[in-house]
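In this note's numbering, the protein residues as written are 24 to 234. Glycine included, C-beta positions come from ideal geometry on N, C-alpha and C. The next block holds one structure in the form of structure tokens; read it before the comments.
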């Protein structure tokens, strides 16, 4: 009985995973208005009954997929931050990598959700917790990666909020098309404006418990 229950759990986890991936892919390729329940089912290889067993509505599925997009953003940025802190990349490479992450296809999914919210779709309440978690993670990312010794804690938070907005602004601009020169100017300006006085924090040592 325990083995059968474990199989059911694994099957459920797989179903949820493939549904969210299919939804995320469609958000990027077709936009929110182009989302099709039938196409999501076909791409995921899941029946309509199985889909609605896990997600009460299309909006619930979209919200879950959107949360995954934000998690991917966070993980990619954190990995880049750790590479900088480990000395594997320079500040210049760090800025280029973060810019690439913020300008990737993931941002298209975020923009589609943003437009859907403004068009009156009932997504705001469903995605509000994920957005708050993302905002907190983004703020912590900069503070965990860099120290601004000449600024107070509050001024540092303001500094990094402006840095985040600059990155998001560039990401929005690239959704309409960009050039290598424009990206180069953005990266150079970002590093000069936001990182010239920033010191890279060393990685916190991992604490292991002896048994």
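Rounded C-alpha distance that separates residue i from residue j
i, j, result
"residue 105", "residue 72", "42 angstroms"
"residue 27", "residue 34", "In this prediction, residue 27 has a pLDDT of 42, which is less than 50 and means its spatial position is unreliable; what the coordinates show is noted afterwards. Going from the Cα of residue 27 to the Cα of residue 34 covers about 11 angstroms."
"residue 130", "residue 169", "24 angstroms"
"residue 58", "residue 219", "44 angstroms"
"residue 52", "residue 199", "15 angstroms"
"residue 40", "residue 215", "41 angstroms"
"residue 64", "residue 56", "17 angstroms"
"residue 134", "residue 174", "33 angstroms"
"residue 46", "residue 186", "30 angstroms"
"residue 67", "residue 212", "42 angstroms"
"residue 88", "residue 107", "29 angstroms"
"residue 79", "residue 223", "45 angstroms"
"residue 128", "residue 90", "15 angstroms"
"residue 188", "residue 195", "10 angstroms"
"residue 140", "residue 48", "19 angstroms"
Residue i burial status per 10 Å Cβ neighbour count (16 or more: buried)
i, result
"residue 257", "An answer regarding residue 257 cannot be provided, because it is not within the stretch 24 to 234 covered by the chain."
"residue 1", "The structure shown has nothing for residue 1, since the chain only spans 24 to 234."
"residue 86", "buried"
"residue 32", "Confidence in residue 32 is poor, its pLDDT being 49 and thus under 50, which makes the residue's placement unreliable; the coordinate value appears in the next sentence. Counting Cβ neighbours within 10 Å, residue 32 comes out exposed, since fewer than 16 surround it."
"residue 115", "exposed"
"residue 207", "exposed"
"residue 209", "buried"
"residue 36", "exposed"
"residue 159", "exposed"
"residue 119", "buried"
Cβ separation of residue i and residue j, assumed to be a contact under 8 angstroms, to the nearest whole Å
i, j, result
"residue 162", "residue 180", "6 angstroms"
"residue 146", "residue 136", "7 angstroms"
"residue 77", "residue 38", "6 angstroms"
"residue 93", "residue 153", "6 angstroms"
Proximity winner among the options, relative to residue i (alpha-carbon distances)
i, options, result
"residue 221", "58, 160, 182 and 38", "182"
"residue 157", "100, 177, 123 and 126", "100"
"residue 70", "50, 196, 42 and 48", "42"
"residue 123", "176, 140 and 193", "193"
"residue 96", "82, 167, 139 and 125", "125"
Span of the alpha helix (DSSP H) around residue i
i, result
"residue 184", "176-197"
"residue 97", "81-108"
"residue 227", "That residue, residue 227, is in no alpha helix (DSSP H); it is neither H nor E in DSSP."
"residue 118", "114-125"
"residue 161", "147-168"
"residue 214", "Run containing residue 214: none; DSSP gives neither H nor E here."
The ligand NAP heavy atom lying under 7 angstroms from the CB of residue i
i, result
"residue 86", "In terms of ligand content, the structure shown is empty, and the ligand NAP therefore cannot be addressed."
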